[in-house]
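Let me begin by presenting the structure, written as structure tokens, before commenting on it.
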Amino acid sequence: MDLLPLKALSDATRLRLVHILLHYELSVNELVRILGMGQSRVSRHLKILAEAGLLSSRRDGLWVFYAAPASGRKLAFLRAVLPFVPEDDTMRGDLTLAAQVLEERARRTRQFFNAIAEDWDELNREVLGDLDLAGAVSAALPAPCGTAVDLGCGTGAVLQRLLPDAGTLIGVDGSARMLDLCRRRFQPEELARGKVSLRIGELSHLPLRDQEADFACINLVLHHLPVPAEGLAEARRIMSPGDTLFLADFLRHNDEAMRSRYGDHWLGFEEADLLATLDHAGFTPAEPRREPVGRGLTLMLLTATAR
Numbered sequence: 000m001d002l003l004p005l006k007a008l009s010d011a012t013r014l015r016l017v018h019i020l021l022h023y024e025l026s027v028n029e030l031v032r033i034l035g036m037g038q039s040r041v042s043r044h045l046k047i048l049a050e051a052g053l054l055s056s057r058r059d060g061l062w063v064f065y066a067a068p069a070s071g072r073k074l075a076f077l078r079a080v081l082p083f084v085p086e087d088d089t090m091r092g093d094l095t096l097a098a099q100v101l102e103e104r105a106r107r108t109r110q111f112f113n114a115i116a117e118d119w120d121e122l123n124r125e126v127l128g129d130l131d132l133a134g135a136v137s138a139a140l141p142a143p144c145g146t147a148v149d150l151g152c153g154t155g156a157v158l159q160r161l162l163p164d165a166g167t168l169i170g171v172d173g174s175a176r177m178l179d180l181c182r183r184r185f186q187p188e189e190l191a192r193g194k195v196s197l198r199i200g201e202l203s204h205l206p207l208r209d210q211e212a213d214f215a216c217i218n219l220v221l222h223h224l225p226v227p228a229e230g231l232a233e234a235r236r237i238m239s240p241g242d243t244l245f246l247a248d249f250l251r252h253n254d255e256a257m258r259s260r261y262g263d264h265w266l267g268f269e270e271a272d273l274l275a276t277l278d279h280a281g282f283t284p285a286e287p288r289r290e291p292v293g294r295g296l297t298l299m300l301l302t303a304t305a306r
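Sequence positions in the sequence shown follow numbering that gives the first Met the number 0 and run 0 to 306.
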């Protein structure tokens with residue numbers, strides 16, 4: 000009998016950590032802040048839990064994130080044991096602080112994009128070089144297309160390219176300043192009569208109805224999301240079976256400067272992980288196309304069909 004998981008839970012701090020990480024994926028520094036303990040102490044407890052198989056870790060550049068296992072026997076073990084641990088004020092407070100940490104992440108992201116909105120098109124050109132991303136999205140648009148949605152539309156370059164070929168365009172972005180700049184690309188009558196609808200909102204809680212979109216794209220956006228799976232699940236919610244999603248994002252890399260210069264949360268994705276996340280969200284992805292771009296990065300371009 001493997002007693003290591005039971006031994007790993009025989010400490011109040013480790014119970015608090017597991018309780019938090021069953022709900023959220025968090026970095027070591029974020030956990031230090033939530034627990035109010037030194038980093039070495041928190042890291043030691045995380046190591047014990049990880050060695051017992053009760054936590055998984057993910058390194059992203061210089062950062063390490065921890066979470067409960069996504070599936071399997073150890074997750075089942077935690078879900079069986081934790082209901083017998085009374086949730087006291089301390090544990091409830093941990094979850095409140097964790098939610099605040101994630102909200103601060105989102106707020107910093109919004110502030111970042113509001114601040115750099117004027118320079119965003121130039122920054123994109125710096126990374127994409129000669130790649131015509133808007134053209135690639137346009138080529139994936141089904142004909143005819145009723146409602147096309149750009150999730151994380153930024154300043155609207157892709158929306159503008161789709162304008163002649165879609166009945167209605169919807170752009171969603173979390174930055175009010177980005178949407179202000181996006182609005183300038185369109186004629187007042189296009190906005191007034193609803194040909195183009197620009198909506199502020201988070202990709203984890205889209206301001207769209209179920210199955211409102213006939214086509215959606217999400218370009219260079221997933222790596223900004225704390226939980227990319229939530230954005231993809233929301234994309235699936237607004238689409239009907241058979242509809243097409245176009246996705247463009249970076250392959251895994253180690254350019255830490257992308258965090259400060261572009262506000263990236265993830266340093267790209269492993270191809271297999273991204274395809275699995277799409278599948279779990281309810282999409283059948285096609286084989287990605289790889290395109291080398293600036294800063295030594297590689298972009299994955301793919302379409303996926305909603306099931």
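Ideal Cβ placement from N, Cα and C applies to all residues, glycine included.
Fair warning: this is a prediction, and the values are worked out from it, not measured in the lab.
Task: alpha helix (DSSP H) runs wholly inside the stretch 43 to 86, at least 4 long, in chain order - done: Annotation note: the stretch 43 to 86 contains the following uninterrupted alpha helix (DSSP H) runs of length 4 or greater, listed N- to C-terminal: 72 to 80.
Open item on the list: On the DSSP bridge list, what partners appear for residue 248?
Closed with: 299
Task: Pick from 63, 20, 235, 179 that is closest to residue 214, judged by C-alpha positions - done: 235
Open item on the list: Going by beta-carbon coordinates alone, are residue 154 and residue 194 separated by less than 9 Å?
Closed with: no
Open item on the list: Please report the distance separating the alpha-carbon of residue 249 from that of residue 265.
Closed with: In this structure, the alpha-carbon of residue 249 lies about 9 Å from that of residue 265.
Task: Alpha-carbon to alpha-carbon, residue 189 and residue 63 - done: 46 Å
- [ ] Measuring alpha carbon to alpha carbon, tell me which of 15, 127, 12 ends up nearest residue 290.
- [x] 127
Open item on the list: For residue 136, report the span of its alpha helix (DSSP H) as first-last.
Closed with: 132 to 139
- [ ] Evaluate residue 253 with the Cβ neighbour count: other Cβ atoms within 10 Å of its Cβ, from every protein chain shown; 16 or more gives buried, anything less gives exposed.
- [x] exposed
Open item on the list: Between residue 135 and residue 300, how many whole angstroms is the CB-CB distance? I'm expecting something under 8 Å.
Closed with: The beta carbons of residue 135 and residue 300 sit about 6 Å from each other, so the pair counts as a contact at 8 Å.
Open item on the list: Taking 9 Å as the threshold (beta carbon to beta carbon), is residue 4 in contact with chain C?
Closed with: This model lacks chain C altogether, as it is built from one protein chain only.
- [ ] For residue 85, count neighbouring Cβ atoms within 10 angstroms of its own Cβ and tell me buried if that reaches 16, exposed if not.
- [x] exposed
Open item on the list: Nearest by alpha-carbon distance to residue 138: which of 243, 97, 82 is it?
Closed with: 243
Task: When 270, 14, 219 are compared against residue 122, the one with the closest alpha-carbon - done: 219
Open item on the list: Can you tell me which residues form a DSSP beta bridge with residue 237?
Closed with: In the DSSP output, where bridge partners are listed per residue, residue 237 has none listed.
Open item on the list: Starting from residue 218, trace the beta strand (DSSP E) in both directions and tell me its first and last residue.
Closed with: 212 to 218
Open item on the list: Give me the DSSP bridge partner(s) of residue 144.
Closed with: For residue 144, which the question treats as bridged, DSSP gives the partners 165.
Task: Beta-carbon spacing of residue 285, residue 297 below 9 Å - done: no
TODO: Reducing DSSP to helix, strand and coil, say where residue 185 ends up.
DONE: coil
- [ ] Could you pull the start and end residues of the beta strand (DSSP E) that residue 225 belongs to?
- [x] If you look at residue 225, you'll find it isn't in any beta strand (DSSP E); DSSP assigns it neither H nor E.
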